[in-house]
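Chemist:
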Amino acid sequence: MSCKAFSLSAESQVDQHLFPSDHQKVSVITDGILKGQIDSLDHDQREKHQAIYTTQKENLDLSALTPEMGLQWLASLPGKTLTIDSQSFPFPTHLETSKEDLTRYLGEKDQIALQWVSLSDDTFKDLLSLVQEGKILHLKIQGGFAISEKQFESLINTLSKEIPLISLELSNIRLSQDQMITLSRAIKHLKDLKILTLESNGIGAKVVPPFKEMIQNCPWITKMKFTFSLFKSIPKLNELHEAVSQKNQMIDLSRNWDFA
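Last residue of the sequence shown: number 1010 in my numbering, and the count goes up by one each step with no gaps.
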C-alpha cells in the first residue's frame, strides 16, 4: 500500500441527508465511515451516496479522510470507468500513487478519467505503463493545467508504440502548437484507436497540414474532435473536414472560432 498523496480540497464540506444529523452541523466523513459503506452498500446505494456527497458539499468535513481511502471509495463505485475528478467527492486536486495501487484501484475497469486533477511525474509514467500493457483501453485527461515536459515525453513515447488504446481524450491541458503537431504524428501508431479528442486553445494554422495528413492516414479512427482556437480564425481549417474519406468517419470542429 503506497498511496503517497491524493490532495483534497481544503474547503470540501457537504450536507449529508443520509445520516441522522442536524442540517446546521458539519458531518465528518472518516475512513471508517467510507469503509463501512463500501462493505455494506450495493453499487446503486454507493452511487447515490456519491451524488449526495458531491452536490451538497458545504457541510462535509474531510479532514479525517485519508487519500488512500478516498481512492478506495472511488474504485468501489459502479461503471466501467475509474473517475478521479476534483469537482466530485472526495474532491481530489493532485494524485501521486504507485503503479501497484493504481492497478488495484482499477480492478476490472479498463477506463480511467482524470478530470481537473494534476499528476506527479512518476504517477503519470505509471499510468501510461498501464496503457501500454493494455490494462487501460480508454484514457481521458481533462484539466486546466499544462503537463510537464517530462510527462509529455512519456506520453509521446507511449503513443508511438502499437498499444491497444481504443479511445484517447486530452482536453484543456494547455497543449502548445508544437505539442499538438507532435501528437498528430504519434497517433498513426495507434491502430486500435477509434475515438480521438484533442482540445486546447491558442493554436495556429501550422496544425492544419499535419492533422490533415493524420486524418488521411488513420481511417480506423471513426470519431474525432479537435479544438485549436476558441477566439481566433485558423486559415484553411475546413480542410480537415475535406480530409475525411471514410463514410463512417466523423469529425467535430464545432468549438473552434471558425465553426462556433
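From the three backbone atoms N, C-alpha and C, an ideal C-beta is built for every residue, glycine too.
Bear in mind the structure is a predicted one, so any value in this text is a computation, not a measurement.
Return the bridge partner residues of S868 from the DSSP annotation.
Modeler: Answer is H844, bridged to S868.
Chemist: Going by DSSP, what residues sit across from M974 in a beta bridge?
Modeler: In the DSSP output, where bridge partners are listed per residue, M974 has L946 and I1001.
Chemist: Identify, in the order they occur along the chain, each residue of the same chain with its Cβ nearer than 7 Å to the Cβ of M964, setting aside the five sequence neighbours on each side.
Modeler: The answer, listed in chain order, is S934, I937 and K938.
Chemist: Note the first and the last residue of the continuous beta strand (DSSP E) segment covering Q892.
Modeler: Taken as a continuous stretch (DSSP letters only), the beta strand (DSSP E) holding Q892 covers H888 to Q892.
Chemist: Spatial neighbours of F981 within its chain, please: C-beta separation below 7 Å, excluding the five flanking residues on both sides.
Modeler: Answer for F981: W1007, listed in chain order.
Chemist: How would you write the range of the beta strand (DSSP E) that E919 sits in, first residue to last?
Modeler: Run containing E919: S917 to S921, per the beta strand (DSSP E) assignment.
Chemist: Measure how close the beta-carbons of N809 and V776 come, nearest whole angstrom, since I'm counting them as under 8 Å.
Modeler: Between V776 and N809 the Cβ distance is about 5 Å, and since that is below 8 Å, they are a contact.
Chemist: When DSSP labels each residue in this structure, what does A863 get in the three-state scheme?
Modeler: Strand.
Chemist: Identify every residue that forms a DSSP beta bridge with I834.
Modeler: Partner(s): L864.
Chemist: Just the Cα atoms here: how many angstroms apart are N988 and L827?
Modeler: One C-alpha to the other measures close to 42 Å.
Chemist: Comparing alpha-carbon positions, which option in I783, D851, I971 and F902 lies nearest L943?
Modeler: The shortest Cα separation from L943 among I783, D851, I971 and F902 belongs to I971.
Chemist: With C-beta atoms as the reference, is K911 less than 8 Å away from Q882?
Modeler: The answer is yes: Cβ separation under 8 Å.
Chemist: So I953 and M930 are in contact, right, with Cβ under 8 Å, and what is the actual spacing, rounded?
Modeler: Contact holds; Cβ gap of about 6 Å.
Chemist: According to the neighbour-count rule (16 or more other Cβ atoms, all chains shown, within 10 Å of its Cβ), is E949 buried or exposed?
Modeler: By the neighbour-count rule (16 or more Cβ atoms within 10 Å), E949 is buried.
Chemist: Tell me the DSSP bridge mates of D811?
Modeler: Answer is V778.
Chemist: In chain order, what residues of the same chain have a beta carbon less than 6 Å from the beta carbon of K830, not counting five sequence neighbours either side?
Modeler: Same-chain partners within the cutoff: K859 and Q861.
Chemist: For Q929, which three-state DSSP category applies?
Modeler: DSSP places Q929 in helix when its eight states are reduced to three.
Chemist: Pick helix, strand or coil for I953, following the three-state DSSP scheme.
Modeler: Here I953 sits in coil by DSSP.
Chemist: Is N1006 helix, strand or coil when you go by DSSP?
Modeler: Reduced to three states, the DSSP call for N1006 is coil.
Chemist: In chain order, what residues of the same chain have a beta carbon less than 6 Å from the beta carbon of L909, not counting five sequence neighbours either side?
Modeler: The answer, listed in chain order, is A936.
Chemist: So what's Q806 in DSSP terms, helix, strand or just coil?
Modeler: Coil.
Chemist: Less than 8 Å separating the beta-carbons of T853 and K885?
Modeler: Yes, the Cβ-Cβ distance between T853 and K885 is below 8 Å.
Chemist: Let me make sure I understand the geometry here. Which of Q996, Q787, K997 and A1010 has the alpha-carbon closest to that of F976?
Modeler: That would be A1010, whose Cα lies nearest to the Cα of F976.
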